[in-house]
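In what follows, a structure is listed as structure tokens, so that the remarks can point back to it.
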Amino acid sequence: MKPTETVPCVQLHYRTTLPGVEKIETLDIELTERCNLSCIHCYIRRAPNDALVAASEMSTAKVCGVLSEARALGCRTVRFTGGEPLLRRDFLAVYSHAHRIGLDISLATNATLVTRRIASELGQRRPKSVSVSIYGWDEQSYISTAQRSNAFRKFLRGLSLLRANDIPFRMRYPPLESLVANSWRIRQLAAALGSQDAVPYAWELTLNAWHESSACDRLAQLRLSSEVAARERLKEPGNASYDLRLIMRGRSSGKYRKSLFNCPAAGRRPAVNAYGKLQVCLQVRHPETLYDLHDGTLSDAMQYHFPQMRALIPSNERYVSRCLRCVLRPACPQCPACSWMEHGTLDTPSAYYCAVMHAEGRLLGVLPPDKNGWDVDGDRNPERSPPEKRRPN
34 MKPTETVPCV QLHYRTTLPG VEKIETLDIE LTERCNLSCI HCYIRRAPND
84 ALVAASEMST AKVCGVLSEA RALGCRTVRF TGGEPLLRRD FLAVYSHAHR
134 IGLDISLATN ATLVTRRIAS ELGQRRPKSV SVSIYGWDEQ SYISTAQRSN
184 AFRKFLRGLS LLRANDIPFR MRYPPLESLV ANSWRIRQLA AALGSQDAVP
234 YAWELTLNAW HESSACDRLA QLRLSSEVAA RERLKEPGNA SYDLRLIMRG
284 RSSGKYRKSL FNCPAAGRRP AVNAYGKLQV CLQVRHPETL YDLHDGTLSD
334 AMQYHFPQMR ALIPSNERYV SRCLRCVLRP ACPQCPACSW MEHGTLDTPS
384 AYYCAVMHAE GRLLGVLPPD KNGWDVDGDR NPERSPPEKR RPN
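In the working numbering, each residue's number is its place in the sequence shown (first place is 1) plus 33.
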């Protein structure tokens, strides 16, 4: 599971006339990569007291400036995430600014750093939603996952403060084998603690964002098997029928889109990392896809940079010969984010995600046991770029 050293072979197409500045619907802001917990499954964990990392993060003024510009571009919702966003000392200043300029705010947190002051401020300036990560059902399971002896106690206290200030929250848990096996305990605890909705089923565990080999190897070992992961995907209410519709619609059309980025994130839902770099999404950190907001503006990025990202097409032969022809592709989670996290490229297929999707296809009955997705409907004519227009970077 070690990343490759190669640069992705993708083709940039440039439009001859640039469009007007595109609007932003939603903005993800990763306030910090640092976290007070040390979870075994985390793909981006940085030490909470890492002074060098903290010094590299966006200043309060920069974060607020980005928020104001996003709002001017039509942004309605911002999601603060991390790491643990509450670890930043200026969190309330940033949060208050976002609320003051009219943004709906979503917050992703582990709840262990919720204080009376934070809970009170959130109660007065209510967020649109709060997503709380839950890492077990008792103190011992929390220690096994979060690797902090007091994490469960702080988690319970944080939720108590949220409830006391009438702040609704939802919960989610990582797809670790021990947690999946005890998901009923987690759901039971979540309901008792006042979680707004049912805890979603989990299956996807990404590798290390910075491609540290030892971390990637460790995370790969923690992943659910492809068969179990597929079953977890299909347990989520509505997923089976939704994926089946996508697959059947793709089969009836006979061809799929050839562009590399096909998700909403590559449209009007960009992300900003802790260091002021605009990303297509939170997980795609390939240097050629980043836009430094210290050197430019969101307006420039949306007008000049993002159209280039949406014009990228895959050139990896395995991707072209398999993924572009696969009957399962419309529902497959394989995307540039997967390729980047797995291999350090944008268009190298992930064997794990492929195996999960093939297992799901067989469970749904759309894929014969002895067939691969790219072998079904072999006469499909996927949209492809003419060979003479394809060249490596």
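The beta carbon of each residue, even a glycine, is placed where N, CA and C say it ideally should be.
- What's the gap between the Cα of I200 and the Cα of P160? Pairing I200 with P160, the inter-Cα distance amounts to about 8 Å.
- Could you tell me if P41 is buried or exposed, where buried requires 16 or more neighbouring beta carbons within 10 angstroms of its beta carbon? Because P41 carries a pLDDT of 39, less than 50, the predicted location of this residue cannot be relied on, and no value is offered for it.
- Message: Under 9 Å, Cβ to Cβ, is there at least one residue of chain C near L136?
- Response: The displayed structure is made up of one protein chain only, and chain C is not part of it.
- Query: Any idea if I346 is buried or exposed, counting beta-carbon neighbours within 10 angstroms, 16 or more meaning buried?
  - Reply: Buried.
- Query: Would N241 pass as a contact of Y128 if the rule is Cβ separation under 9 Å?
  - Reply: No, these two residues do not count as a Cβ contact at 9 Å.
- Message: Report the CB separation of L192 from A144 in whole angstroms; it is logged as a contact under 8 Å.
- Response: Confirmed, Cβ separation roughly 6 Å.
- Query: DSSP beta-bridge partners for K268?
  - Reply: K268 pairs with nothing; no bridge assigned.
- Query: Thinking C-beta only, is L106 closer than 9 Å to L331?
  - Reply: Yes. Within cutoff.
- Reference T239, options A384, D230 and L64, closest by Cα: Of the candidates A384, D230 and L64, the one whose C-alpha sits nearest the C-alpha of T239 is A384.
- Message: Considering just the uninterrupted stretch of the alpha helix (DSSP H) at R186, what are its terminal residues?
- Response: Here the alpha helix (DSSP H) through R186 covers A184 to A197.
- Message: Please give the ranges of any beta strand (DSSP E) in the stretch 95-163, keeping only runs that are unbroken, at least 3 residues long and fully inside the region.
- Response: Here the runs fully enclosed are 110-114 and 137-142.
- Considering L222, what are the terminal residues of the alpha helix (DSSP H) in which it resides? Here the alpha helix (DSSP H) through L222 covers S216 to L226.
- Return the first residue and the last residue of the beta strand (DSSP E) that Q312 is part of. Run containing Q312: K310 to Q312, per the beta strand (DSSP E) assignment.
- Query: Does the beta carbon of R181 fall short of 8 Å from some heavy atom of the ligand ATP?
  - Reply: You won't find the ligand ATP in this model; it holds no ligand whatsoever.
- Message: What does the alpha-carbon distance come out to for the pair H132 and P81?
- Response: Rounded to whole angstroms, H132 to P81 spans 26 Å at the Cα level.
- Message: Using the Cβ count rule (16 or more neighbours within 10 Å means buried), how would you classify G135?
- Response: The residue in question, G135, is exposed, as its Cβ has fewer than 16 Cβ neighbours within 10 Å.
- What residues in its chain sit with their C-beta under 7 Å from that of W170, if we drop five residues either side in the sequence? Answer for W170: N215, R218, I219 and L222, listed in chain order.
- Do L267 and E393 have their CB atoms nearer than 9 Å? In this structure, L267 sits near E393, with a CB-CB distance shorter than 9 Å.
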